[in-house]
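If you read the protein sequences in the order shown, they are chains A and B. Counting from 222, one number per residue, gives the positions in the first sequence under my numbering. Counting from 222, one number per residue, gives the positions in the second sequence under my numbering. Glycine included, each C-beta is placed from N, C-alpha and C at the ideal position.
Number of protein chains: 2
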Amino acid sequence: MDSTREYCYKYPRPSVTSDCIIFGFDGDKIRVLLIERANEPYAGRWAFPGGFLDMDESAEDCAKRELFEETGLKNVFIEQLYTFTQPGRDPRGRVITIAYYALIKQTDYSITAGDDAKQAQWFSLDEIPPLAFDHSRILQAAISRIKGKIRYQPIGFELLNEKFTIPELQRLYEAILGVQLDRRNFHRKIIATGLLIQLDEKKANVSHRAPRYFSFDKEKYEQLSRRGFNFEI
Amino acid sequence: MDSTREYCYKYPRPSVTSDCIIFGFDGDKIRVLLIERANEPYAGRWAFPGGFLDMDESAEDCAKRELFEETGLKNVFIEQLYTFTQPGRDPRGRVITIAYYALIKQTDYSITAGDDAKQAQWFSLDEIPPLAFDHSRILQAAISRIKGKIRYQPIGFELLNEKFTIPELQRLYEAILGVQLDRRNFHRKIIATGLLIQLDEKKANVSHRAPRYFSFDKEKYEQLSRRGFNFEI
DNA sequence: TATATTTGTGTATTTTTTACACAAAGAAAT
DNA sequence: ATTTCTTTGTGTAAAAAATACACAAATATA
């Protein structure tokens, strides 16, 4: 008997992992954070940060811990996406993955590879390399989740800087939804939500009329969501 | 060493279970299917049908299998709800649960207890008994999921008979959303979706003008959803 | 000072939503 | 047979929201 196999159970159990799909926005395109795997299986392939669940942590804590260990990111607000359980999805045996996603302000964080990862890097959605495991399916699920969600919840702000202009916000919506929006109607609608605070500052060094900066009124949003309002673009 | 504990691993692993939250509608109220637990822990308490994952099945297949074993229901279309992973949520040790939900036509199925369950029974949402584990939290998550979903996807039809009247459909929407809807506007809106097929039959034995029967045009819905339309009540 | 470009606001038109009014249909009561 | 009670189906006017543009204002550069 292998003396290192010291955790014994009456019935077989699957391994459980948590993965993180982290989205960013560079002002033009949506990007996603991948790590290059250092170890087998799929060594050298790109994959989402993630790893095995410890016995004293929730899957969400696991996702955050692995994200930090492999990319240096911390204090990221993540949300559960879906749990992938198909037998055969991992060559190491029976592994189920609880996937989480997050939208972050790329400039707030600097990423660094560590641990199991050779490197961590942002990829725009139209240049995703071949991914390990069933991660391209997971990515599709994550993209379709944020597409559905952004129309009803103000998650877009999470991807922008603290202060942003309305045209920047519009480019973000267009990048996520994959459609062109009327500039003038977008402007009016987004102001009408009452969730933007107008700042006394304009974007500098642009060779045209300078757009104003705004910030997101998080307090007001939380008040409104407690009352069950609905936001729609 | 306990010779029955024959599944040994290098690292500890959690147990994984799948649970099913099955909703029905009796024409008046939304109901949910519960089983009375036969075994410890929580013997005698009510809980969702569910059980431990086998190594050769997906979590979805597990949920369907357990649902059949404990209630006799089969051929139910289920959808993943959420995965619950908090350490301490199960007194037997580390157990994570992948929860699924479904909306079914109560009249299509007859339920019977079996296996681990002393009995299976429908409960309306305002008379839910104390539940085992963290199942009341799971129920809340399931309710809020269907409330959110019914406004954008035609899931209501799954709860009604093959043929139904518009007032029946309205009562269902009102039961799920918890609001009163204008009868006349509801009628027009639901017809305007183009998803109802009018039948040459009226409800019999009602002491007032008899409402027409309709059926749901599933084919048309599938065509439309492939094109990415949006349904809204 | 003129030019090129993009932002911010206004407005007319169309579409959708909302709030009702009223006739039609069916069974039960008279 | 007629009236009564109740609920369904359709219509419509008013209000609100969405859409499609027009144009002036602002800013760096030529």
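Secondary structure, beta strand (DSSP E): runs of 3+ residues fully inside the region 266-300 of chain A: Segments of the beta strand (DSSP E) lying fully in the region 266-300 of chain A: 271-273.
Buried versus exposed call for Asp421 (chain A) [16 or more other C-beta atoms within 10 Å across all chains shown]: As a working mapping, residue 421 (chain A) is identified with position 200 in the first sequence. So Asp421 (chain A) counts as exposed.
Beta-carbon contacts of Lys384 (chain A) that lie in its chain and below 8 Å, excluding the five residues immediately before and after: As a working note, residue 384 (chain A) is residue 163 in the first sequence. Leu420, Glu422, Tyr434, Phe435, Ser436, listed in sequence order.
Met222 (chain A) at chain B interface by Cβ criterion, 9 Å: The residue you call residue 222 (chain A) lines up with position 1 of the first sequence. Low confidence applies to Met222 (chain A): its pLDDT is 49, below 50, so where it sits in the model is not reliable enough to give any reading.
For Arg252 (chain A), the three-state DSSP class (helix, strand or coil): Within the first sequence, the letter at position 31 stands for residue 252 (chain A). Here Arg252 (chain A) sits in strand by DSSP.
Members of the region 340-359 of chain A that neighbour chain B once the beta carbon cut-off is set at 7 Å: Residues: none.
Inter-residue Cα distance where the pair is Thr386 (chain B) and Ile418 (chain B): Looking up residue 386 (chain B) in the second sequence gives position 165. Looking up residue 418 (chain B) in the second sequence gives position 197. Between Thr386 (chain B) and Ile418 (chain B), the C-alpha separation is close to 11 Å.
Contact set for Leu398 (chain A): own chain, Cβ-Cβ below 8 Å, skip 5 residues either direction: Position 177 of the first sequence, counting from 1, holds the residue named residue 398 (chain A). Once the five neighbours on either side are set aside, the close Cβ partners of Leu398 (chain A) are Lys368, Ile371, Arg372.
Close-in-space but distant-in-sequence residues of the same chain around Met222 (chain A) (CB under 7 Å, 5 per side omitted): In the first sequence, the residue the question calls residue 222 (chain A) occupies position 1. A caution first: Met222 (chain A) carries a pLDDT of 49, below 50, which makes its placement in the model unreliable, though a value can still be read off. For Met222 (chain A), where only same-chain residues beyond five positions count, there are no Cβ hits under 7 Å.
Segment limits, beta strand (DSSP E) that includes Gln419 (chain B): Translated into positions along the second sequence, residue 419 (chain B) becomes position 198. Gln419 (chain B) -> beta strand (DSSP E) spans 417-423.
Selected residue, minimal CA-CA separation from Leu254 (chain B), among B:Thr318, B:Gln340, B:Arg226: On the second sequence, position 33 is the one that residue 254 (chain B) refers to. Of the candidates B:Thr318, B:Gln340, B:Arg226, the one whose C-alpha sits nearest the C-alpha of Leu254 (chain B) is B:Gln340.
One or two residues paired with Ala323 (chain A) in a DSSP bridge: If you number the first sequence from 1, residue 323 (chain A) lands on position 102. BP columns for Ala323 (chain A) point to A:Ile243.
Gln342 (chain B) vs Ile332 (chain B) beta-carbon contact at 9 Å: Position 121 of the second sequence, counted from the start, is the residue given in the question as residue 342 (chain B). Position 111 of the second sequence, counted from the start, is the residue given in the question as residue 332 (chain B). Inclusion of Gln342 (chain B) and Ile332 (chain B) in the CB contact set at 9 Å is warranted, their separation being smaller than that value.
Within-9 Å CB hit, Arg447 (chain A) to chain B: In the first sequence, the residue the question calls residue 447 (chain A) occupies position 226. Closer than 9 Å: no.
Interface flag, Val297 (chain B) vs chain A, CB-CB below 9 Å: Mapped onto the second sequence, residue 297 (chain B) falls at position 76. Chain A contact via Cβ: absent.
Contact with chain A by Asp311 (chain B), beta-carbon distance below 9 Å: Numbered from its first residue, the second sequence carries residue 311 (chain B) at position 90. Answer no: the Cβ-Cβ gap between Asp311 (chain B) and chain A never drops below 9 Å.
9 Å Cβ cutoff, Gln301 (chain B) in contact with chain A: Residue numbering aside, residue 301 (chain B) sits at position 80 when the second sequence is read from its first letter. It does; some Cβ of chain A falls within 9 Å.
8 Å contact criterion, which Val316 (chain B) and Thr238 (chain B) should meet: CB distance rounded: Within the second sequence, residue 316 (chain B) is the residue found at index 95, counting from 1. Within the second sequence, residue 238 (chain B) is the residue found at index 17, counting from 1. The Cβ separation is near 6 Å, so the contact holds.
Coarse secondary structure for Ile364 (chain A), derived from DSSP in three states: For the purposes of this step, residue 364 (chain A) is taken as residue 143 along the first sequence, with counting starting at 1. Judged by DSSP in its simplified three-state form, Ile364 (chain A) adopts helix.
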